[in-house]
Amino acid sequence: MTTPRVALVTGATQGLGLALVEGLAHRMAPHDTVYLTGRDLTRVTEAVDAVPGGGAQVRGELLDVADPHAAARLARQLRDRHGGVDIVFGNAVMRVGPDDDPRAVIEQYTEVNNFGTTRLLRAFAPLVRDGGRLIVVASSLGTLHQLAPVLHRRFDGLPSLDEVDRQVAAWRDAVKDGSARAGAWPGFVNIPSKIAQVAAVRTLASQRRERDAERGVLVAAACPGMLNTPTSALWWDVSAAASPAEGAVALLDLAFDPARPGQYGELVRHGEVVPWSSLAFSAGPVHAT
């Protein structure tokens, strides 16, 4: 008998995260389980109730990635229930608007978007079974091409997730004390944050590459492209952009299609690798989601 598969999505009570849960449930079998997670129990329950029937079982779980212990705690629970996981989408995100003061929001922003990402990677990477997928939802902004060359060393070739966290903390502190504004850092905090997310994926992948290749495991970051969401509409004209359900399709394909070695440890957009370094970057439209 085939072992039931287990999938998990963080930040899944609305938008892209909810679309990923719905897509996973549709593509997986009735004996499989998809965990819909979020930090508010009421919203988690409502989101689970809203998922169309059929396909895999959808279960709600509380997971606040800003809690330093929450990801590890849930990982232990899923290990005890299922023995491992097959698909993990790290999608939890705190969004900022044009009127937000970066100095006021940066601490919580990095706790969710960046430290939340590295906590998820540490907690769930050891649980990914053969043929599994560990995917962080990022952005085309998450490349060194978007950062001043003097800052590239901050995120390129880092030896550990701890070092990724240290670099994020240094940037966070510079935003908080205002020194980032006088330096080379971009004013849009989404850019360094997304670069650090991709750097975390690349760092983890560098440590696991050989073994994951043997096991058919894919570790990657993924960009869904510009999406028509209320938050994106604060920054850009998204009237012609894809819906969250449309944007989820390429990410789901990445999770279910055969692993392509060239995608391992990379940022993938619509099946194609987005080059990490500015030297390799090919000109084209850049989207912020």
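Residues in the sequence shown are numbered consecutively from 1, following our numbering. Built from N, CA and C at the ideal position, the CB exists for glycine as well.
Item                                                                                                                                                                : Value
From R122, L144, V189, L251, pick the residue whose C-alpha is nearest to that of R103; which is it?                                                                : V189
Which residues does DSSP pair with Y35 in a beta bridge?                                                                                                            : L8, R59
Tell me whether the beta-carbon of A71 lies closer than 7 Å to the beta-carbon of R133.                                                                             : no
Anyone know if the C-beta pair for A242 and L227 falls short of 7 Å?                                                                                                : yes
Please report how far the alpha carbon of G54 lies from the alpha carbon of V48, in whole angstroms.                                                                : 13 Å
Return the chain-ordered list of same chain residues with a C-beta closer than 7 Å to the C-beta of V105, the five sequence neighbours on each side being excluded. : V96
Going along the chain, which residues of its own chain have a beta-carbon closer than 7 Å to the beta-carbon of F256, five neighbours each way excluded?            : R27
Let's test the definition: count the other Cβ atoms within 10 Å of the Cβ of G15 and tell me whether it reaches 16, buried, or not, exposed.                        : buried
Report the partner residues of A242 according to the DSSP bridge assignment.                                                                                        : L227
On a CA-only basis, which of W276, G216, G84, D177 is nearest Q197? Give me that one, please.                                                                       : W276
Check V189 in the structure and name its three-state DSSP category.                                                                                                 : coil
Could you tell me the alpha carbon to alpha carbon distance between E266 and R43, rounded to whole angstroms?                                                       : 32 Å
Three or more beta-carbon pairs under 8 Å between the stretch 107 to 121 and the stretch 80 to 94, yes or no?                                                       : yes
Identify the continuous beta strand (DSSP E) that holds R95 and give its terminal residues.                                                                         : Note, R95: premise wrong, no beta strand (DSSP E); not H, not E.
If you compare alpha carbons, which of G183, I135, A169 is closest to V150?                                                                                         : G183
Return the CA-CA distance between T117 and R181, expressed in angstroms with no decimal places.                                                                     : 25 Å
Among I191, N113, L218, G178, whose alpha-carbon lies nearest the alpha-carbon of R202?                                                                             : L218
Short check: CB of A75 to CB of V34, under 7 Å?                                                                                                                     : no
So, is E107 buried or exposed, given that buried needs 16 or more other C-beta atoms within 10 angstroms?                                                           : exposed
Name the DSSP bridge partner or partners of G333?                                                                                                                   : Here the chain comprises residues numbered 1 to 289, so residue 333 is not present and cannot be evaluated.
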